[in-house]
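Residue numbers (my numbering): 3 to 243.
Okay, here's the thing in structure tokens:
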């Protein structure tokens, strides 16, 4: 079996697809390229994909909708979103939909390569850092269920809440260390954030994204609390199955 990481590029611009394909192959990646969401789903049904490079502006189903689908159907699959729309609002929306990184066009091939390597390192490192006895665990807190094998989070009503790989890794750190004050350096180390892409280097931003997903009132959080001058603490009682 070929051990090279398999990258799926989803972009309606054939020239861009071919450019990324030819560049990544030089750096020991396998690459599949498609032009829309339907073709993306067909590839995912038949191939083992390690990361998706997903364009925001696509014919038919756009990148945000496809990213939301990926988070529900392939929760552990890293996604890097690329787009010609480089505004802050679009970047935030992409990350909220579950993208692991966001790269505005035009971008250099080497920048994309660096982002791909960083996201893959974090994904591999997070899996390796989970103790063997915890890899099959299910964590429950405040009615929420975090399932490690499937990398899925369900709310108290049983609804699946999409998480990016970075969000899952950070939440796993918190549930594994409840009632303990963790500073930013500790969170970075525990979540493998030091190998993450640029937006993931901000622990505060990542915590804010998690709060918007699990807190009843993100502006007055009851689960992930700030300890001023020290870091954050996860206050909910956690049970492990």
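For every residue, glycine included, the Cβ atom is placed at its ideal position computed from N, Cα and C. From a predicted model like this one, the values you see are computed outputs, not experimental measurements.
Per-residue burial, residue i [other beta carbons within 10 Å of its own, 16 or more giving buried]
i           : result
residue 230 : exposed
residue 29  : exposed
residue 19  : buried
residue 17  : exposed
residue 172 : buried
residue 13  : buried
residue 200 : Reliability fails at residue 200, whose pLDDT of 38 lies under 50, so the model's placement of it is uncertain and no value is given.
residue 27  : exposed
residue 210 : exposed
residue 219 : exposed
residue 241 : exposed
residue 57  : buried
residue 109 : exposed
residue 151 : exposed
residue 9   : buried
Residue nearest to residue i in terms of C-alpha spacing, selected from the options
i           : options               : result
residue 52  : 61, 183, 7 and 142    : 7
residue 159 : 187, 185, 216 and 109 : 216
residue 233 : 184, 116 and 165      : 184
residue 141 : 103, 57, 27 and 180   : 180
residue 38  : 115, 64, 32 and 220   : 64
residue 44  : 72, 57, 32 and 146    : 72
residue 61  : 47, 15 and 46         : 15
residue 112 : 220, 222 and 24       : 24
residue 223 : 144, 241 and 57       : 144
residue 31  : 150, 178 and 115      : 115
residue 178 : 157, 186 and 139      : 139
residue 214 : 47, 157 and 46        : 157
residue 164 : 187, 79 and 221       : 79
Whole-number beta carbon distance between residue j and residue i, since they are thought to touch under 8 Å
i           : j           : result
residue 243 : residue 212 : That pair is no contact at about 22 Å.
residue 182 : residue 235 : 6 Å
residue 225 : residue 239 : That pair is no contact at about 10 Å.
residue 153 : residue 77  : 5 Å
residue 74  : residue 155 : About 11 Å separates the two Cβ atoms, so there is no contact after all.
residue 119 : residue 105 : Contact flag wrong, Cβ pair sits at about 13 Å.
residue 102 : residue 167 : 5 Å
CB contact flag (residue i, residue j, <8 Å)
i           : j           : result
residue 81  : residue 69  : yes
residue 49  : residue 67  : no
residue 205 : residue 189 : yes
residue 36  : residue 22  : no
residue 84  : residue 107 : yes
residue 59  : residue 41  : no
residue 148 : residue 174 : yes
Contact test: residue i Cβ vs the ligand FAD heavy atom, cutoff 7 Å
i          : result
residue 34 : In the structure on display, the ligand FAD does not appear, and there are no ligands present to speak of.
Identity of the residues DSSP links to residue i by a beta bridge
i           : result
residue 154 : 149
residue 9   : 33 and 53
residue 228 : 234
residue 162 : 156
residue 241 : 142
residue 85  : 106
residue 184 : 234
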